[in-house]
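Taking my numbering, the leading residue of the sequence shown gets 155, the next gets one more, and so forth. We treat Cβ as the ideally placed atom computed from N, Cα and C, and that holds for glycine. Computed from a predicted structure; not experimentally measured. First the structure, in the form of structure tokens, and then the observations on it.
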Amino acid sequence: MEDILVVSARCNRRDAITGVLLADGNSFAQVLEGPALAVVACYERILVDPRHQDARLRFLASIDARSFPRWSMCGLSLSQLDDSLLQPPDIAFDLYAADAGALLQHLSGISLRHARRLDTLHERLLASAC
Ligand SMILES: Cc1cc2nc3c(=O)[nH]c(=O)nc-3n(C[C@H](O)[C@H](O)[C@H](O)COP(=O)(O)O)c2cc1C
Numbered sequence: 155m156e157d158i159l160v161v162s163a164r165c166n167r168r169d170a171i172t173g174v175l176l177a178d179g180n181s182f183a184q185v186l187e188g189p190a191l192a193v194v195a196c197y198e199r200i201l202v203d204p205r206h207q208d209a210r211l212r213f214l215a216s217i218d219a220r221s222f223p224r225w226s227m228c229g230l231s232l233s234q235l236d237d238s239l240l241q242p243p244d245i246a247f248d249l250y251a252a253d254a255g256a257l258l259q260h261l262s263g264i265s266l267r268h269a270r271r272l273d274t275l276h277e278r279l280l281a282s283a284c
């Protein structure tokens, strides 16, 4: 996760992409937002990355405003978090089975709940990417 986030934060800052990445031990779920061509190029790089398999595009849309403007990429590996910080919806949610709307809502909710942790992580990611 750390390796993925460091390169993602660096490349996405270059490409004006923002978003968030969650992992639950079995699956990754990610939002990429930014200029269409840059997002597609990024997704094509991710598709051929051997660190995951069976990638699925869940939702693609034009947006008026970004949902995750603060983070070029940032993320949480839920299994690594202190359980006391997690609320039940963070733990029980199935990233793989959820429909796109529920997934987006979940990613937004968990990012809000852990925003300070993510801000700190994002600063560290950008510092290690320099
Ligand atoms: C789950 C997952 C998410 C990733 N997210 C991004 C991302 O948001 N931006 C990015 O540039 N690379 C991301 N990567 C890494 C890319 O697959 C790739 O390693 C990286 O962009 C460097 O590409 P290059 O080696 O072709 O230069 C992700 C990889 C994985 C496995």
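Residue i versus residue j - alpha carbon distance
i, j, result
"S262", "D273", "14 Å"
"L211", "A256", "15 Å"
"E277", "I158", "15 Å"
"D248", "A254", "12 Å"
"L186", "A246", "24 Å"
"A252", "L176", "13 Å"
"E198", "R270", "30 Å"
"S221", "E156", "22 Å"
"G188", "Q207", "24 Å"
"L258", "R167", "22 Å"
"V174", "F182", "10 Å"
Ligand 1 heavy atom lying under 7 Å from the CB of residue i
i, result
"Q115", "There is simply no residue 115 to check, as the chain begins at 155 and stops at 284 in what is shown."
"G255", "no"
"G188", "no"
"C196", "yes"
"R210", "no"
"V193", "no"
Within 8 Å, strictly: CB atoms of residue i and residue j
i, j, result
"L230", "H268", "yes"
"A163", "S265", "no"
"T172", "P223", "yes"
"V160", "S282", "yes"
"A219", "A192", "no"
Segments of 4+ residues assigned as alpha helix (DSSP H) that fall wholly inside the stretch 207–282: If we require 4 residues or more, the alpha helix (DSSP H) runs fully inside the stretch 207–282 come out as 242–246, 254–267.
Every unbroken alpha helix (DSSP H) inside the stretch 156–216 [4 residues or more]: Runs found: 156–169, 190–201.
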